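Everything below concerns the one structure shown next.
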Amino acid sequence: MAARGGVVNEIICGDALTVMRAMPAEIADCIVTSPPYWRMRDYGHPKQIGTEATMEEYIGNICEIFREAKRVLKSDGTLWLNLGDGYVGKGGHSHPNGFERIHRNRQIPRGCSRWGGGNATVPGLAYKCLIGMPWRIALKMIDTGWILRRDIIWHKTNPLPESVTDRPVTAHEYLFMFSKAPRYYYDADAVRSPYSAASQERLRYPIVNTCDTYGRHKPEYKKTGISLRTIPLNPLGKLLGSVWKIPTRPFKGPHFSTYPEELIRPCILAGSPEGGIVLDPFMGSGTTAVCALKHGRNYIGIELVPKNIEISQRRIDAVKKNIQPKLQIIWK
């Protein structure tokens, strides 16, 4: 069932821009989402994002949506945006709507492989050129007032195979961290990880004057069993880095654009307090909601396609068997 507007921990059926325009300002602690990539799939809805005829139109629509998302986000909130890329290409079989059907309900643009965008022509870009869509959007969002705090590399440790032999296969995507203001909520301790054995060994030695001009430790400073550091190791571990090695996860269902919980868990833990509200304007298969509930957060989901809401709701209901979130009405 689609949610009534204003209810937390349910999904609102509608397009992201229209739904967010009806929301009051500054209600979400953070936004975690992944919009449809350009010309990758056709969900068969007239208001869908991603099937725009031109790159400029797609970028404009995405930035308009996140301009509204910025209003809905709290002043100390962050936006975590996952985006993939594609290539200018040709080939494939024609289809009345410009897409080639390759697997039941799954559709991809004419001329693209299963793993990358395929666009017959893109003005200004040569055939086979990487489009650079994630960075085009990120830079445009900076122009609209967002502060880009970090580009994060999602290193897919189990990338899908590609038949291409004239370039490296694709094994990463981007995750951009934006903020509304220079100061914002960020819980660094919530996303620390254990130090490696090599780091612990290295940190046993003094901070200054420990190496010769070639970067080698001077023998006189290697005092086994004695820590000469003046700054102790943080017992919670090291700070989160900008390269996240996370495998993709299979998803049993007709919705194929599903990021893994491991990818967005750090976003939710660092970007929102316990009991806070996580907004996903492109809910898709419900991963953001599921992860938010598992970690003591609330969610607001927006999804255009009713069939996707049914998929999300089944996953969410499975989590709610052990968790009883409150259905708070926060606007009317």
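Numbering (the working numbering), first residue to last: 82 to 413.
The beta carbon of each residue, even a glycine, is placed where N, CA and C say it ideally should be.
Since the structure is predicted, the reported quantities are computational estimates derived from the model, not experimental observations.
Exercise for the section: Starting from Met222, follow the alpha helix (DSSP H) in both directions and report where the run begins and ends. Expected result: Met214 to Asp224
Handout entry: C-alpha distance - Lys402 paired with Arg396, whole-angstrom precision
Key = 11 Å
Handout entry: Proximity to Tyr168 [Cα-Cα], best of Pro204, Ala150, Cys144 and Val153
Key = Pro204
Practice task
Output the distance between the C-alpha atoms of Ile223 and Lys388, rounded to the nearest integer angstrom.
Solution key: The alpha-carbon atoms of Ile223 and Lys388 are separated by roughly 34 Å.
Exercise for the section: Determine which residues share a DSSP beta bridge with Trp119 and list them. Expected result: Within the DSSP bridge table, the entry for Trp119 names no partner.
Exercise for the section: Look at the alpha carbon of Met258 and the alpha carbon of Phe147, and state the distance between them as a whole number of angstroms. Expected result: 13 Å
Practice task
Answer yes or no: the CB of Ser260 versus the heavy atoms of the ligand FAD, is any distance below 8 Å?
Solution key: The ligand FAD is not part of this structure, which contains no ligands at all.
Problem - For Val324, the first and last residue of its enclosing beta strand (DSSP E) - result: Annotation for Val324: the continuous beta strand (DSSP E) segment containing it runs Val324 to Lys326.
Exercise for the section: With DSSP as the reference, label Glu384 as helix, strand or coil. Expected result: strand
Practice task
Take Thr238 and list the residues in its own chain whose beta-carbon comes closer than 6 Å to its own, dropping the five residues that flank it on each side.
Solution key: The beta carbon of Thr238 sits closer than 6 Å to those of Lys326 and Pro328, all from its chain and outside the five residues before and after it, given in chain order.
Exercise for the section: Starting from the N-terminal side, write out each stretch of the beta strand (DSSP E) that is 3 residues or longer and does not extend beyond the stretch 99-150. Expected result: 109-114
Handout entry: Enclosing beta strand (DSSP E) for Lys155 [first to last residue]
Key = Counting along the chain, the beta strand (DSSP E) containing Lys155 begins and ends at Leu154 to Leu164.
Exercise for the section: Have a look at Val89 and Ala373 and give me their C-alpha separation to the nearest angstrom. Expected result: Separation of Val89 and Ala373 (C-alpha to C-alpha, rounded to the nearest whole angstrom) is 12 Å.
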